[in-house]
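Residue numbers (this note's numbering): 22 to 161. The beta carbon of each residue, even a glycine, is placed where N, CA and C say it ideally should be. In this text, all values refer to a predicted model and were calculated from it rather than measured experimentally.
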């Protein structure tokens, strides 16, 4: 239930972040009502919304990291899925948390741990595609 809540939150945050990109498209559309702004003002607004998108996306990835860590714990406790996949998912979730939560705590923090430690997501996806549908039903 908690993983579903995190999934809902990061989806909503990602959606709100994407609205900033739509605003950038409107600012760059060349519409007549934009002629009241000078070129430098328009460029500054575009950069403002691009930075807002980047920050919103990072906030969404913090919640995604929490979701992955909890999903990894559930996979680890599962009898159907190999426990190593759960451990890899937890490591991937923690790497997202370190990367993107660290960005807010320390603005100069620029590590890319999730690029190295995020392989658990990919392996879990392949396991679901190849063996996930072949799990036998449990007898009561």
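Exercise for the section: Give the range of the alpha helix (DSSP H) segment to which residue 56 is assigned. Expected result: Here residue 56 belongs to no alpha helix (DSSP H), and DSSP marks it neither H nor E.
Practice task
Assign residue 162 to one of two classes, buried (16 or more other C-beta atoms within 10 Å of its C-beta) or exposed (fewer than that).
Solution key: With the chain covering only 22 through 161, there is no way to say anything about residue 162.
Problem - Residue span of the alpha helix (DSSP H) that contains residue 27, given as start and end - result: Unbroken alpha helix (DSSP H) run through residue 27: 23-48.
Exercise for the section: Using beta-carbon positions only, say whether residue 87 and residue 27 come within less than 8 Å of one another. Expected result: The criterion of a C-beta distance shorter than 8 Å is satisfied by residue 87 and residue 27.
Problem - Proximity below 8 Å, CB of residue 141 to CB of residue 91 - result: Taking 8 Å as the Cβ cut-off, residue 141 and residue 91 do not qualify as a contacting pair.
Handout entry: Element boundaries [alpha helix (DSSP H), containing residue 116]
Key = Per DSSP, residue 116 is one residue of the alpha helix (DSSP H) stretching across 104-126.
Handout entry: residue 99 versus residue 147: straight-line alpha-carbon distance, rounded
Key = CA-to-CA, the gap between residue 99 and residue 147 works out to about 17 Å.
Practice task
Could you tell me if the beta carbon of residue 144 falls within a distance shorter than 7 Å of some heavy atom in the ligand ZN?
Solution key: Judged by which ligands are present, the structure shown has none, so any question about the ligand ZN falls away.
Exercise for the section: Excluding the 5 residues preceding and the 5 following residue 37 in the sequence, name in chain order all residues of the same chain whose CB lies nearer than 7 Å to its CB. Expected result: Excluding residues within five positions, the ones whose Cβ falls inside 7 Å are 77.
Exercise for the section: For my contact list, residue 97 and residue 31 are in at a C-beta cut-off of 8 Å; report their separation, rounded to the angstrom. Expected result: So it is not a contact: roughly 21 Å between Cβ atoms.
Handout entry: Contact under 8 Å by Cβ, residue 145 with residue 106
Key = The Cβ-Cβ distance between residue 145 and residue 106 falls below 8 Å.
Problem - Cβ neighbour criterion (16 or more within 10 Å) applied to residue 152 - result: With fewer than 16 Cβ atoms within 10 Å of its Cβ, residue 152 is classed as exposed.
Exercise for the section: Just mark residue 113 as buried or exposed, buried being the case when its beta carbon has 16 or more other beta carbons within 10 Å. Expected result: Counting Cβ neighbours within 10 Å, residue 113 comes out buried, since at least 16 surround it.
Practice task
Report all residues from its chain with a CB closer than 8 Å to the CB of residue 45; omit the five preceding and five following residues, and keep chain order.
Solution key: Result list for residue 45: 67, 70, 71, 74, in chain order.
Problem - CB-CB length for residue 83 against residue 121, believed under 8 Å - result: Contact between residue 83 and residue 121 holds: CB atoms are separated by about 5 Å, below the 8 Å threshold.
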